[in-house]
Amino acid sequence: MNLWVVLLSLLCIGGLAEEDSNTDDINIGAIFSFNTINGGVSKIGMEAAVEDVNSDPTILGGRKLVLSTHDSNFSGFLGIIGGLEYMETNKVAIIGPQTSGMAHILSHLANELHVPMLSFTALDPSLSSLQYPYFIQTAPNDLFQMTAIADMISYFGYREVVTIYTDDEQSRGSIIALGDRLAERRCKISYKAVLPPEALATRREIRDALVEVSVMESRVIVVHSYSVIGLQVFELAYKLGMMEKGYVWIATAWLSTVLDSRPVSGEAAKSIQGALALRPHTADSKRKSEFVSRWKRLSNGSIGFNPYGLYAYDTVWMVANAVKMFLDRGGTISFSNNSNLSNLGGGTLNLGALSTFDGGSQLLRNILQTNMTGLTGPIAFDLDNKSLIQPAFDILNVVGRSYKQIGYWSNYSGLSVVPPEVLYTKERNRSSSSQQLDVAMWPGQTADKPRGWVFPHNGRQLRIGIPNRVSYKAFVSKDEKTNEIRGYCIDVFLAAVDLLPYAVPHKFVLYGDGHKNPNYAELVKLITSNVFDAVVGDIAIVTNRTKIVDFTQPYIESGLVVVAPVRKMNSSPWAFMRPFTALMWGVTAAFFLIVAVVIWILEHRINDEFRGPPKRQFITILWFGFSTMFFAHRENTMSTLGRMVLLLWLFVVLIITSSYTASLTSILTVQQLAPVIRGIDSLITSNDNIGFQVGSFAESYLSDELNIAKSRLVSLGSPEEYADALTTGRVAAVVDERPYVDMFLSHYCMFQVVGQEFTKSGWGFAFPRDSPLAMDMSTAILTLSESGKLQKIHDKWLNTRTCSQKIPASTDQLQLKSFWGLFLICGITCVAALLVYFCLICSKFQRHFPQLPEPSVQQASTPSVRIRRFLSFVDEKEEEFKSRSKRKHMEMLSRTSAEDQQWPPNEVRRDESGSCREGHNGDAYCH
């Protein structure tokens, strides 16, 4: 309150304006600098709107809307005076002021006296805050314009911009908003060139500011000012050679108003070629076209049309509709004395002339509830921040004496080549793939998108940090004789720099004491403190580092692996015995013999190949048994039981020989681990010590990510220390990055990579966050890779012989327990076949035993004789037995028939077996 009271001291006793003669009129005021482009256009638009409102008696019920205008004439002081005048003369609303500086001050008066203020040119984002409830911006404020610029910069792939702006309330707030929006897109303002306000700026000051800008790294320049200063910025930039190829110039809406309303020619036209500009977007409509057609008559050709004429027209209609709603609801326009002013009293100020609008708060609510379609399109407010709901901008590209439109921006869908009103009918899509603009013509008359940055012209070389390694010097090292920095990483960096379309002045600076490898995490952090401009070397791209710096595309794959000692199997003439254990060998050999014996038993009586002298049969058993190992047995099996046993045995032999072949191959071609480390998982679960390279990120990864106790971690500085620690058992394994491990194994073949890589990453060059050089270097590295040059550099430095192979999980000998099931089945089958065979043989022996010749019946009944007979029966060939049995049976029948004819009737006699026979009469008797 004290602020506006002090300002009231400018108002003398008696007031500065005349009273309105007609109390039925609805009085509104407007504060502009009418000699400016926007001021002149706004006056025409407001007067046209007042004329149209008054021509329709249904709007205000026959009452007239009276517009009073006050010309601030580029003066903030006069603008404030105009505001005080309107507060004294009972205006229900004020349109304006034109600038944000005056708006900040007059808003305090509006808050106290409840007079709504509406402005479409004072667009400082801070004026939409709750601090100024009676101030309403009826055009998209600069927060949306800066959001559009930030989206454009991100779309074109730029990361840093330079801003040139005037030092006033509106520009400062807008640039702050731009910085916030750029930060959301990982971009930033790298330099701010501040110019004096419009009335104070001189060409020399503008030139000096541009000289400062010209030595900056960024070539993307945003100009936010008033038209007079803005045109001077472009003219002087053109003379300084800053409108040439490589620059990007983006102007806010001030430039589009100039191009729309005033002809630009000569040096001014040349100076803005290729610049991009924004213009508030207004949807095409029949009403808009009709108004544009009226414009020449309304302006008498004094000034060209621009969108702010439409906003001026719509703002008057917003007030008129709000007043209509106020009156329709029974409101009366009245003013009362302000108690705060009455208490001040005394002095020379006529404070009593200032009164409070009694219906101001209701009129303010009516304005914010506006829902109409104006010349600019649909109009409605977001009640939370008092801003328009659908802000949008046209994106223009200055070409020749005019411009071409290359796209649109809306808060709904971002950048597009389709008008926003079309996109409002579709589902919202702000994805990066949906962002589109047409091709622009850039400064220097080129359609190729400028790079947007160069190295600053300050003569300083890039300070590039290089790790001063004491081991694995093929990657990066200093030549002690020539002091030259060389190595694989250096060659890749220099080859990539050679592909850039510009020079990169640099110098290498070693980091480290030369006694041990430096800490790479600390080396990378030095970029953030500006000690180094980049870091080049064997720098692993890991998460913690990507949070503070930007990396290029990886130029070599890397990942952590486990290295463990290996045990070579000693050469031996008995190496072929290693696949099986001794027990397995014994059981297998026994079964070869057992199966051979079983087959011999089953085939002996019926198969000639299993008969003969005992020596031959013994050899046959041995040959047949072991020849089945190679499926080379030539003896055929004839019995069903024999075939069944042999078939099962051949299956067992197939399994055993296949397993033997696989195991022997593994033993003879693959080395065995000692101790048993299978990979990172088994290493974690063990309690063994783990080695890591000094300076590597392996230490932090093992302790922080895998939760391995730091007491188990042992730092190692060189390949020699690796070998010694692994050989002596000081560590069970070493965890290191793959490129180092490959080089280590090329010299120490008694060690082995175990398991798979358990991290996937690569090596890259580190640069500050959002550095454009990182992006260009990435492109160069990809080019090196595609051309094959990257591989040639690799072969030059790192083409070393690798001694190791991947090892299977185990090369243990095959145990009997792995095959006992097969042997059990085979044994059961053999026993079952023998039981069936002996049952059949015994049955035949019992049936045919009487036919065998014996010395006497008494001798035949002794056990030894019966056993000999049984063995003789078993040994006898089946065909001979059957033939002899048949022959004896026939002889017995013929003899019996002859004796029957010789013996008297009824005489009993014995046959060959000693039995009694009966005579013809049927009586039995014996001799």
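The sequence shown maps to residues 444 to 1370 in the working numbering. Idealized CB from N, CA, C, for every residue including glycine.
Counted within 10 angstroms of its Cβ, other Cβ atoms place residue i as buried (16 or more) or exposed
{"i": "R871", "result": "exposed"}
{"i": "E603", "result": "buried"}
{"i": "S1253", "result": "At S1253 the pLDDT is 41, less than 50, meaning the model places this residue with poor confidence; the figure from the coordinates comes in the next sentence. Result: exposed."}
{"i": "W697", "result": "buried"}
{"i": "Q1234", "result": "exposed"}
{"i": "D567", "result": "buried"}
{"i": "A626", "result": "exposed"}
{"i": "M589", "result": "buried"}
{"i": "E678", "result": "buried"}
{"i": "V496", "result": "buried"}
{"i": "L1090", "result": "exposed"}
{"i": "I1098", "result": "exposed"}
{"i": "F800", "result": "buried"}
{"i": "F1061", "result": "exposed"}
Residue closest to residue i, alpha-carbon to alpha-carbon, out of the options
{"i": "Y529", "options": "P559, G505, S614 and E965", "result": "P559"}
{"i": "K713", "options": "R772, T868 and G887", "result": "G887"}
{"i": "C1192", "options": "V1095, P1008 and F1140", "result": "P1008"}
{"i": "R894", "options": "E612, P1022 and I596", "result": "I596"}
{"i": "V882", "options": "R730, L839 and P899", "result": "L839"}
{"i": "F517", "options": "G526, F994, Q541 and T532", "result": "Q541"}
{"i": "S511", "options": "N533, P500 and S657", "result": "N533"}
{"i": "L521", "options": "F475, I715, L806 and G488", "result": "F475"}
{"i": "V1096", "options": "F1194, S1129, I1268 and V952", "result": "I1268"}
{"i": "T816", "options": "R730, S1146 and S777", "result": "R730"}
{"i": "H958", "options": "V985, G1160 and T1071", "result": "G1160"}
{"i": "K950", "options": "F599, I928 and R906", "result": "R906"}
{"i": "Y634", "options": "T645, S1109 and V665", "result": "V665"}
{"i": "Y690", "options": "S498, T986, V919 and F599", "result": "F599"}
{"i": "T995", "options": "V658, F1210, N481 and T606", "result": "F1210"}
{"i": "A683", "options": "V701, P706 and R647", "result": "It should be pointed out that residue 683 corresponds to Leu in this sequence rather than to Ala. Selected option, being the one with the closest Cα: R647."}
Opening and closing residue of the alpha helix (DSSP H) in which residue i lies
{"i": "Y756", "result": "P750 to D771"}
{"i": "T1226", "result": "P1215 to S1230"}
{"i": "N809", "result": "G803 to L811"}
{"i": "E687", "result": "No alpha helix (DSSP H) contains E687, which DSSP labels as neither H nor E."}
Per DSSP, the bridge partner or partners of residue i
{"i": "W1206", "result": "A983 and I999"}
{"i": "K631", "result": "E603"}
{"i": "Q1136", "result": "L1159"}
{"i": "Q1195", "result": "A1007"}
{"i": "L721", "result": "I838"}
{"i": "G472", "result": "S511 and I537"}
{"i": "Y608", "result": "V637 and H667"}
{"i": "K921", "result": "I928"}
{"i": "Q580", "result": "S562"}
{"i": "P821", "result": "T816"}
{"i": "I909", "result": "L953"}
Pair within 8 angstroms by beta-carbon distance, residue i and residue j
{"i": "V535", "j": "I579", "result": "no"}
{"i": "N743", "j": "D703", "result": "no"}
{"i": "S856", "j": "L866", "result": "yes"}
{"i": "V1197", "j": "V1005", "result": "yes"}
{"i": "Y1179", "j": "A1141", "result": "Looking at the sequence itself, residue 1179 is Asp, so the reference to Tyr does not match. Yes, the pair counts as a contact, with Cβ atoms nearer than the cut-off."}
{"i": "A763", "j": "L508", "result": "yes"}
{"i": "N960", "j": "S1001", "result": "no"}
{"i": "I524", "j": "T609", "result": "no"}
{"i": "G526", "j": "I537", "result": "yes"}
{"i": "C1273", "j": "V1030", "result": "no"}
{"i": "N1132", "j": "R1173", "result": "yes"}
{"i": "L570", "j": "I592", "result": "no"}
{"i": "V841", "j": "I649", "result": "no"}
Endpoints, the beta strand (DSSP E) within which residue i is located
{"i": "F951", "result": "H949 to Y954"}
{"i": "K847", "result": "S845 to S853"}
{"i": "D514", "result": "L508 to D514"}
{"i": "G994", "result": "According to the sequence as given, residue 994 is Phe; it is not Gly. That run of the beta strand (DSSP E) goes V992 to F994."}
{"i": "V665", "result": "V663 to H667"}
{"i": "S798", "result": "S798 to F800"}
{"i": "S859", "result": "G857 to S859"}
{"i": "A1176", "result": "A1176 to E1180"}
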